[in-house]
Amino acid sequence: MMYINIKTRLLNLKCTLNKSQMLGILGPSGIGKTTLLRAIANLEKADGEIIVDNEVWLNDKISLPVQNRSIGFVFQDFALFPNMSVLENIAYASSKEKATHLLEAFNIIHLKDKYPNKLSGGERQRVAIARAIAREPKLLLMDEPFSALDRSTKHFIQDKIKQLSQEQGFYTIFIAHDIGDIKRLSDFIFLVEDNKVINTDEFEKESINI
Amino acid sequence: MDSEPFLISFELSTITMLILGIVGIGISYFLAFKRSIIVDILEPIIMSPLVLPPTVLGFYILEIFGVSGSVGKFLNHFDLKLVFNFWGLLIGSIIYSLPFSVSPIIAGFRAIPKSLIEASYTLGKSKFHTLLKVIIPNAKYSIISALVLVFSHTIGEFGVVLMVGGDIPGKTRTASIAIFDYVQELNYKDANISALILFSIAMISLIFLQILKRLQER
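Sequences listed follow chains H and U, in order. Each residue of the first sequence is one higher than the last, beginning at 0 in numbering that gives the first Met the number 0. Each residue of the second sequence is one higher than the last, beginning at 0 in numbering that gives the first Met the number 0.
Here it is, written out as structure tokens:
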């Protein structure tokens, strides 16, 4: 189980996720969603409490450095290492075997020897997601991970993330602007403007009532 | 024409370049990524040889490392002397050329997107691992530029080496000091040949830097 009660300068997120569950963050631009995700990773300062599988990442006394938090982070700008091939990028925090397996799973094995500057936006995004999962993290954080993907690729990647999440048991928190992506993937939704976390089914009912 | 001053200059430039390659990366990393009052104080001190007259710098090095200087006195206890010999030249060159190493490397480090460094951290890698595998490879053109600048700057150095090393033939007489001596002796032929060699090295370095710049822009 993962418990988060974290406070950044602009937002306050409190939620509990079970293994393999996903939380989608929905809200307008510039409201602090990226900062919140970065704070969970400890790339930004934050107060509060994070407990992942009984391991304290953050509380009044402890703040584990980013390297010691078992996370996979998909950055908005992908942050692929330009000096490494696709295979080397994914194998950076795992092994070549694991990287090859993920390249096959994400249908991008044909890109393995290419360098990031030769990839399209959508290809980079897929590589970035594969790299974040390659580390076998406990928590996958994704900042607008589907923005550069076409509809069919997006659904394929979302299904793959869901499948890997079930297999590996990692928790996922992601930001998306497309409500469809959030509904399709997440178990809970953090409605930033209302500052509340609700069940996705509940959100569906509320949407119908509106 | 005596070839020994050129050998000394080449030896001095090569060793200075190698030392500043390593030291420059360490100092640049600290200056490029740390935010503290120490950095704000340290950066102008390191960059000061860019604006200080070489004789002034040479004088202070003499004052510190000379036999009556604070460090010089201490080294005397171990029978070590750091002025008027090759080691003095080396220390003078390292201090004098430090900004030529640090300045391009800092610029290269700061040009790397922050997210690349953070991505490495989120993948569980240490700061040192990130420096070796992400920062240095992605700033390689800046580092090579720094090395070329240090080499070409050191090989033509005059003021500091004269102050710290003197003009001892076979020991501390470098190529640029030799040119000065040739002119004093009205030996314009050797002065001309020596000057042409240094001029050629400088031009080759500049052309090389230009090629590097083009490669980096690709």
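Glycine residues also receive a C-beta, built at the ideal position from the N, C-alpha and C atoms. Because the structure is a prediction, the values reported are computed rather than measured.
Nearest-angstrom beta carbon gap, residue j and residue i [assumed within contact, 8 Å]
{"i": "residue 176 (chain U)", "j": "residue 4 (chain U)", "result": "7 Å"}
{"i": "residue 45 (chain H)", "j": "residue 7 (chain H)", "result": "5 Å"}
{"i": "residue 31 (chain U)", "j": "residue 108 (chain U)", "result": "4 Å"}
{"i": "residue 85 (chain H)", "j": "residue 110 (chain H)", "result": "5 Å"}
{"i": "residue 93 (chain U)", "j": "residue 15 (chain U)", "result": "6 Å"}
{"i": "residue 159 (chain U)", "j": "residue 91 (chain U)", "result": "4 Å"}
Residue i to residue j span [Cα, whole Å]
{"i": "residue 137 (chain H)", "j": "residue 164 (chain H)", "result": "10 Å"}
{"i": "residue 225 (chain U)", "j": "residue 201 (chain H)", "result": "Outside the shown range of chain U, which is 0 to 217, sits residue 225 (chain U), and nothing can be said about it."}
{"i": "residue 30 (chain H)", "j": "residue 10 (chain H)", "result": "8 Å"}
{"i": "residue 26 (chain U)", "j": "residue 101 (chain U)", "result": "7 Å"}
{"i": "residue 73 (chain U)", "j": "residue 196 (chain U)", "result": "40 Å"}
{"i": "residue 121 (chain H)", "j": "residue 78 (chain H)", "result": "13 Å"}
{"i": "residue 157 (chain U)", "j": "residue 41 (chain U)", "result": "26 Å"}
{"i": "residue 25 (chain H)", "j": "residue 189 (chain H)", "result": "6 Å"}
{"i": "residue 98 (chain H)", "j": "residue 80 (chain H)", "result": "15 Å"}
{"i": "residue 57 (chain H)", "j": "residue 0 (chain H)", "result": "15 Å"}
{"i": "residue 69 (chain U)", "j": "residue 61 (chain U)", "result": "10 Å"}
{"i": "residue 24 (chain U)", "j": "residue 139 (chain U)", "result": "11 Å"}
{"i": "residue 50 (chain U)", "j": "residue 107 (chain H)", "result": "54 Å"}
{"i": "residue 43 (chain H)", "j": "residue 33 (chain H)", "result": "10 Å"}
{"i": "residue 2 (chain U)", "j": "residue 29 (chain U)", "result": "40 Å"}
{"i": "residue 0 (chain U)", "j": "residue 212 (chain U)", "result": "36 Å"}
{"i": "residue 192 (chain U)", "j": "residue 198 (chain U)", "result": "10 Å"}
{"i": "residue 200 (chain U)", "j": "residue 125 (chain U)", "result": "40 Å"}
{"i": "residue 119 (chain U)", "j": "residue 125 (chain H)", "result": "17 Å"}
{"i": "residue 209 (chain H)", "j": "residue 35 (chain U)", "result": "Note that residue 209 (chain H) has pLDDT 48, beneath the 50 cutoff, so the model's placement of it is unreliable and the number below is only indicative. Taking the straight line joining both Cα atoms gives about 53 Å."}
{"i": "residue 134 (chain H)", "j": "residue 209 (chain U)", "result": "41 Å"}
{"i": "residue 104 (chain U)", "j": "residue 54 (chain U)", "result": "26 Å"}
{"i": "residue 76 (chain H)", "j": "residue 150 (chain H)", "result": "20 Å"}
{"i": "residue 152 (chain H)", "j": "residue 89 (chain H)", "result": "19 Å"}
{"i": "residue 179 (chain H)", "j": "residue 203 (chain U)", "result": "60 Å"}
{"i": "residue 61 (chain H)", "j": "residue 137 (chain U)", "result": "34 Å"}
{"i": "residue 12 (chain U)", "j": "residue 98 (chain U)", "result": "15 Å"}
{"i": "residue 145 (chain U)", "j": "residue 177 (chain H)", "result": "47 Å"}
{"i": "residue 54 (chain H)", "j": "residue 71 (chain H)", "result": "17 Å"}
{"i": "residue 217 (chain U)", "j": "residue 199 (chain H)", "result": "47 Å"}
{"i": "residue 121 (chain U)", "j": "residue 69 (chain H)", "result": "8 Å"}
{"i": "residue 19 (chain U)", "j": "residue 114 (chain H)", "result": "31 Å"}
{"i": "residue 27 (chain H)", "j": "residue 193 (chain H)", "result": "12 Å"}
{"i": "residue 116 (chain U)", "j": "residue 95 (chain U)", "result": "31 Å"}
{"i": "residue 149 (chain U)", "j": "residue 76 (chain U)", "result": "33 Å"}
{"i": "residue 17 (chain U)", "j": "residue 12 (chain H)", "result": "51 Å"}
Listed by chain order, chain U residues near residue i by CB distance under 8 Å
{"i": "residue 42 (chain H)", "result": "117, 120 and 121"}
Check: residue i C-beta below 7 Å from any heavy atom of the ligand COA
{"i": "residue 155 (chain U)", "result": "No copy of the ligand COA appears in this structure; indeed no ligand is present at all."}
Members of the region 99-125 of chain U near chain H, C-beta cut-off 8 Å
112, 114, 115, 117, 118, 119, 120, 121, 122, 123, 124 and 125
Output, in sequence order along the chain, the residues in the region 126-137 of chain U whose CB is closer than 8 Å to any CB in chain H.
132, 133, 136 and 137
Between the region 52-83 of chain H and chain U, which residues of the former have a C-beta closer than 9 Å to a C-beta of the latter?
64, 65, 66, 67, 68, 69, 70, 71, 72, 74, 75, 76, 77, 78, 79, 80, 81, 82 and 83
Can you confirm whether the region 139-149 of chain H touches the region 162-176 of chain H when touching is taken to mean that 3 or more C-beta pairs between the two stretches lie within less than 8 Å?
yes
Which residues, in chain order, does the region 81-109 of chain H contribute to contact with chain U at a C-beta distance below 7 Å?
81, 82, 91 and 92
Given 8 Å, three or more beta-carbon pairs between the region 90-106 of chain H and the region 122-136 of chain H:
yes
Against chain U, which members of the region 108-142 of chain H pass a CB distance test of less than 7 Å?
134
Three or more C-beta pairs closer than 8 Å, one from the region 112-121 of chain U and one from the region 180-187 of chain U: is that the case here?
no
Does the count of Cβ pairs from the region 13-25 of chain H and the region 62-82 of chain H closer than 8 Å reach three?
no
When you compare the region 163-172 of chain U with the region 80-91 of chain U, are there three or more beta-carbon pairs, one atom per stretch, that lie closer than 8 Å?
yes
For the region 153-167 of chain H and the region 89-96 of chain H, state whether three or more C-beta atom pairs, one from each stretch, are separated by less than 8 Å.
no
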